[in-house]
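In my numbering, the protein residues as written are 4 to 478.
Have a look at this one:
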């Protein structure tokens, strides 16, 4: 054990602070290290030398590589604080005694299902308890969920779901010393994934956090691990999957009075402040290219929850569309070479070329901006969508920006094709030119009528061959 100063630590010098399992800063780098050469003694590592830890404490190494320490006598305790440092070990031991004393005064009776987590933070100590029987977290005092950094809930059972998600995160982080999990935990997980697999295969709006391919992979993995449920690595796998599923159940209000049964359904009450008059304007300016983007963006962020698989599919579609627009715009720019050899309008040529350049430029910028978000998953997508959503315009601005490459290309095509009308008028007499242009215009209207979901109004002509008796009497 490393020797440090001899000053005794007293818990009265610090504060005991509540924390939850997902906010321990597990993946933060707390200390930088420096590698160096060393002397290898003869026979080094051939015999096991004692490692000095406080009495009744042992160490374990998480499958990811992080060492943690656990006490299995009396109140079970786990910590990631480095107990090979003597000062750290003394501080942890002092805090354990302090917490046991406070718990005794408050009338807490701990069982073999109770476990305490401790984390030193300067003179303070972060903590939480877990109960393996109930699968929940608890503390010595009452705290508001917002003070713990937890999300809001609608009921006591909803809070229980959220706390169970935190419990499984604890199991994932401290998986090597427990001796395994009950067999029904992995059996329930396999059954849950089996149902989710069917749900994904038969519905495009499944609320399960994994797609069908992932469900099948996880299910096959768990079936192969079922006989090794006492292995700490299996415990880690089960803990991580249950944590993600329980959080998804929190978001879908699983078991609550009003649950979310489809991704496209919003169940959270909110004040609608989004301006609506701008939607038709954006649709018109983008030649309706922004409509599909707006529908997808709003559908991806319903109740501020993002499904990673849905985001990845949407972003892949966007990238493909922007790449296609950039290629089309580049090809259209090359066609402008013909303007040097044909009697065209210079103004229309400049307008068409400028619009094609804008289409190409916006395509490249959008691809560059979203490369890091392509296949990024739920967490980065949630952060990004939360940033781009406007308080008053929602996702309208983002949808309009996404549609600009296609809109500029369509405007460029319109200006470029308009040159054909000028060429026809210059080389054909006006009646024939008018007929050709009119025929093309009618063909476009017919195309719109037969392919668009927005149908053109149909004129109705009612021809009556006879007058009614009432009209006869009025004559």
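Glycine included, every Cβ here is placed at the ideal spot set by N, Cα and C.
Compare the beta carbon distance of residue i and residue j with 8 angstroms and say whether it is the shorter of the two.
i           : j           : result
residue 409 : residue 292 : yes
residue 240 : residue 131 : no
residue 63  : residue 179 : yes
residue 192 : residue 154 : no
residue 112 : residue 181 : no
residue 402 : residue 287 : no
residue 253 : residue 151 : no
residue 84  : residue 95  : yes
residue 294 : residue 269 : no
residue 395 : residue 277 : yes
residue 129 : residue 183 : no
residue 29  : residue 176 : yes
residue 222 : residue 262 : no
residue 359 : residue 336 : yes
residue 72  : residue 61  : yes
residue 157 : residue 256 : yes
residue 59  : residue 76  : yes
residue 289 : residue 406 : yes
Please return the same chain residues whose Cβ sits closer than 6 angstroms to the Cβ of residue i, not counting the five positions on each side in sequence.
i           : result
residue 355 : 415, 418 and 419
residue 265 : 208
residue 369 : 325
residue 24  : 169, 172 and 173
residue 236 : 66
residue 464 : Low local confidence applies: a pLDDT of 48 at residue 464 is under 50, so the model's placement there is unreliable, and no value is given.
residue 285 : 293, 399 and 403
residue 351 : 418, 421 and 422
residue 308 : 254
So if DSSP puts residue i in a beta bridge, which residue, or which two residues, is it bridged to?
i           : result
residue 70  : 64
residue 85  : The partner list for residue 85 (beta bridge, DSSP) is empty, contrary to what the question assumes.
residue 393 : 397
residue 121 : 82 and 130
residue 141 : 132
Under 7 angstroms Cβ to Cβ from residue i, same chain only, skipping five residues before and after it: list those, please.
i           : result
residue 167 : 138, 139 and 249
residue 203 : 209, 211, 214, 215 and 218
residue 1   : Absent from the model: residue 1. The displayed extent of the chain is 4 to 478, so no value can be given.
residue 299 : 317
residue 314 : 303, 381 and 384
residue 18  : 127
residue 188 : 241
residue 387 : 376
residue 134 : 116, 117 and 141
With a CB to CB cut of under 8 angstroms and the five nearest residues on each side skipped, what residues in its chain are close to residue i?
i           : result
residue 6   : Any reading at residue 6 needs caution, since the residue's pLDDT is 45, under 50, leaving its predicted position unreliable; the model's value is listed next. Excluding positions up to five away in sequence, the list reads 89.
residue 392 : 304, 398 and 401
residue 186 : 229 and 232
residue 3   : The question about residue 3 has no answer, for the chain in this structure spans 4 to 478.
With DSSP run on the structure shown, which of helix, strand or coil describes residue i?
i           : result
residue 377 : coil
residue 115 : coil
residue 127 : strand
residue 59  : coil
residue 23  : coil
residue 309 : coil
residue 211 : coil
residue 153 : coil
residue 170 : helix
residue 259 : coil
residue 280 : coil
residue 331 : helix
residue 266 : coil
residue 44  : coil
residue 187 : helix
residue 179 : coil
residue 36  : coil
residue 146 : coil
residue 323 : helix
residue 356 : helix
residue 387 : helix
residue 304 : coil
residue 285 : helix
residue 409 : helix
residue 254 : helix
residue 7   : A caution first: residue 7 carries a pLDDT of 48, below 50, which makes its placement in the model unreliable, though a value can still be read off. Coil at residue 7, not helix or strand.
residue 49  : coil
residue 365 : helix
residue 340 : helix
Margin query: For the pair the segment 264-277 and the segment 371-388, tell me if three or more CB-CB distances fall below 8 angstroms.
Written below: no
Next item on the list: Would you check if there are 3 or more beta carbon pairs closer than 8 angstroms linking the segment 120-128 to the segment 153-162?
Entry: no
Check: Is there contact between the segment 52-69 and the segment 191-205, where contact requires at least three CB pairs shorter than 8 angstroms?
Finding: no
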